[in-house]
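Encoded as structure tokens, the structure appears first; notes follow it.
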Amino acid sequence: MDFFEGIAQSFVKTFINDDRWLQLLNGLGVTILITLVAAAIGVVLGFLIAMVRSTYDMQLQGKKCRKPNDYVLKVLNVICNFYITIIRGTPVVIQLMIMYFIVFASSRAGIVAAFLSFGMNSAAYVAEIVRSGIMSIDKGQFEASRSLGFNYRSTMWHIIMPQAFKNILPALGNEFIVLVKETSVAGYVALQDLTYVGNLIRSRTYEAFFPLITVALIYLIIVLILSFLLKKLERRLRNSDH
Amino acid sequence: MTTDNSNVLIKVDNLCKSFDDVEVLKGINAEIDKGDVMVVIGASGSGKSTFLRCLNLLEEPTSGSIYFEGTDITDASVDINVHRQKMGMVFQQFNLFPHMTVLRNMTLGPTRLLRQSREEAEANAMKLLERVGLADRANAYPSQLSGGQKQRIAIVRALAMNPDVMLFDEPTSALDPEMVGEVLEVMKQLARDGMTMVVVTHEMGFAREVGTKIVFVDEGVIVEQNAPEEFFSNPKSPRLREFLSKVL
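So the sequences go chain by chain: A and B.
Quick note: the first sequence uses the working numbering, first residue 1, plus one each step.
Quick note: the second sequence uses the working numbering, first residue 1001, plus one each step.
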């Protein structure tokens, strides 16, 4: 058989037969859906955890609890620390399987399990990024705002967060890039994401090259688009700064 | 809870402050009357900055009371944010908000806390900027300003809240020498206009010229307190004599 004919045949098997290009497209859709929902959960939950942790660091670290609220904050901080330790200390694929086979054992709602476990995983990393951003702002900014008469919350909102966000944007972007690629283990809980579909086509057609390289290229393109958008946002934020 | 003498703006009663095991303030008593310019001097580590920062509770006192306009602000039930609006503070490191223009730095407090309209706050800010000769920098960002300009902006930012007292924490210590004068000039003008001020500084010339009460803090206590003439020409404690011989 002619070399080019072989390539053409592989191509047809991989993409055309059984509408496999459509399966890949569906897989891409699942990957993007999981990523977007998980990112949203990660950002919201991550910011909340970061708030608890940095409020504790700023107001209570090394001090005694005096008000009832102090004890609440202390307990929340312990919970958040525990959460971050567990999430960062175990592989995301194990977390995903625990979520699917134990927590959602009765319903076997794979997509929800994926939303939650990738979201909760991302939250732990986002929390540490946001916290480091808050802590990187000079203490004087905080004091200047408080001395004007702003309370803690307004100080965070008007003074600390806008500056911290600019500082952490690259790290936050990086976390989303990691997240996109981490969703590739969704196949473990019977979700037909991009990676799963690519591997499925490989096993059906006995063609490894086209399916796997295609999947790799699609991930690469997603990441390149994300990087481009982040660079643009960073540049815009930097322009508003002098 | 209230002091009877209506002319007293701030009364400090047996103020103590410890950081962990280190006792920085060991029972400070002081009274600041309306219109006073109290200048606090002392060696580094003497506790003078801590004393100043306790006055608006940026440092929480370990014990003792601080009465501001008759209210004990160290009382846990007092909303300190309300009282801080009446106490302007100027820092050594300026602490302007870098992500806001000069004008926004000055109007953030008045619009958010004093419920002034944006137009009102901006008109007021422009008046203050004119007073310190920086009206043309209203739309600049802090990073575009010199140190002296930054500190003058920091002063008018505090003034925009229309405070009853201004606290200065070594306002010229971080400045290049040639910029010290312009900041001191603004502070002198402020004193002439009758503003009550508490100033921690190493500028002895300023203390002598503008101060109404000079306080010498050493090892966490007020060692000596006097009117400027007497304070500088006739220091009583040996510790102050030694200090003055070094700095004058």
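All residues carry an ideal CB built from backbone N, CA and C; glycine is no exception.
Because the structure is a prediction, the values reported are computed rather than measured.
N-terminal and C-terminal residue of the alpha helix (DSSP H) that residue i is part of
i        : result
M99(A)   : That residue, M99(A), is in no alpha helix (DSSP H); it is neither H nor E in DSSP.
M161(A)  : 161-182
P1238(B) : 1238-1247
N151(A)  : No alpha helix (DSSP H) contains N151(A), which DSSP labels as neither H nor E.
A1125(B) : 1118-1131
D1193(B) : Unbroken run through D1193(B): none, as it is neither H nor E.
F1094(B) : Note, F1094(B): premise wrong, no alpha helix (DSSP H); not H, not E.
W21(A)   : 20-59
V1048(B) : As written in the sequence, residue 1048(B) is Lys, which differs from the Val given in the question. It spans 1048-1055 - the alpha helix (DSSP H) in which K1048(B) sits, taken as one unbroken run.
C80(A)   : 68-89
M1106(B) : 1102-1112
R108(A)  : Per DSSP, R108(A) belongs to no alpha helix (DSSP H) and is neither H nor E.
I137(A)  : Counting along the chain, I137(A) falls outside any alpha helix (DSSP H), and DSSP gives it neither H nor E.
R1137(B) : Counting along the chain, R1137(B) falls outside any alpha helix (DSSP H), and DSSP gives it neither H nor E.
E5(A)    : 3-11
R204(A)  : 194-205
K63(A)   : Careful: K63(A) lies outside any alpha helix (DSSP H) and carries neither H nor E.
N1081(B) : 1080-1084
V1156(B) : 1147-1159
Partners in chain A for residue i, counting only beta-carbon separations shorter than 8 Å
i        : result
R1084(B) : R146, S147, L148, G149
H1202(B) : The premise fails here: H1202(B) is roughly 19 Å from chain A at the closest Cβ pair, so nothing lies under 8 Å.
G1109(B) : L148, G149, F150
M1161(B) : L148, G149
Per DSSP, the bridge partner or partners of residue i
i        : result
K1026(B) : C1016(B)
L1167(B) : M1089(B), V1198(B)
M120(A)  : In the DSSP output, where bridge partners are listed per residue, M120(A) has none listed.
V1040(B) : V1200(B), V1215(B)
V1008(B) : D1033(B)
D1072(B) : Y1067(B)
Neighbour-count burial assignment, residue i, 16 or more Cβ in a 10 Å radius
i        : result
C288(A)  : As displayed, chain A neither begins before 1 nor continues past 242, which places residue 288(A) out of reach and without an answer.
T1074(B) : buried
A1123(B) : exposed
D952(B)  : Because chain B in this structure spans residues 1001 to 1248, residue 952(B) falls outside the shown range and cannot be described.
F1097(B) : buried
K1213(B) : buried
Y56(A)   : buried
T35(A)   : buried
K63(A)   : exposed
I79(A)   : exposed
G1181(B) : exposed
I84(A)   : buried
G262(A)  : The requested residue 262(A) is not part of the displayed model; chain A covers only 1 to 242.
Q163(A)  : buried
K74(A)   : exposed
M1001(B) : Note that M1001(B) has pLDDT 47, beneath the 50 cutoff, so the model's placement of it is unreliable and no number is given.
Q1093(B) : buried
A113(A)  : buried
D138(A)  : exposed
K1011(B) : buried
N17(A)   : exposed
E1119(B) : exposed
S1173(B) : exposed
N1105(B) : buried
Listed by chain order, chain A residues near residue i by CB distance under 7 Å
i        : result
M1089(B) : S147
N1234(B) : Per Cβ cutoff of 7 Å: no residues; N1234(B) is ~36 Å from chain A at best.
Residue i, enclosing beta strand (DSSP E) - first and last residue
i        : result
Y1067(B) : 1063-1068
Q1225(B) : 1221-1226
Proximal residues of chain B, C-beta to C-beta of residue i below 9 Å
i       : result
I143(A) : Note that residue 143(A) is Glu in the sequence shown here, rather than Ile. Chain B residues near E143(A): R1053, L1058, M1089, F1091, N1095.
G133(A) : Near G133(A) there are no residues of chain B at all, since even the closest Cβ is about 13 Å away, more than 9 Å.
Q163(A) : F1097, P1098, H1099
Nearest-angstrom Cβ-Cβ length linking residue i and residue j, presumed shorter than 8 Å
i        : j        : result
T1050(B) : C1016(B) : That belief does not hold up - the Cβ atoms of T1050(B) and C1016(B) are roughly 11 Å apart, past 8 Å.
G1042(B) : D1218(B) : 6 Å
L179(A)  : S122(A)  : 5 Å
N1014(B) : G1027(B) : 5 Å
K1034(B) : L1055(B) : The pair is not a contact, with the Cβ atoms about 15 Å apart (cut-off 8 Å).
Under 8 Å from the C-beta of residue i: neighbouring residues of chain B
i       : result
S154(A) : R1112
Per-residue contacts from residue i into chain B (C-beta, under 7 Å)
i       : result
I159(A) : F1097
G140(A) : F1091, Q1093, N1095
Contact set between residue i and chain A, taken where Cβ atoms lie within less than 9 Å
i        : result
N1139(B) : Within 9 Å Cβ-Cβ: nothing; N1139(B) doesn't reach chain A, min ~11 Å.
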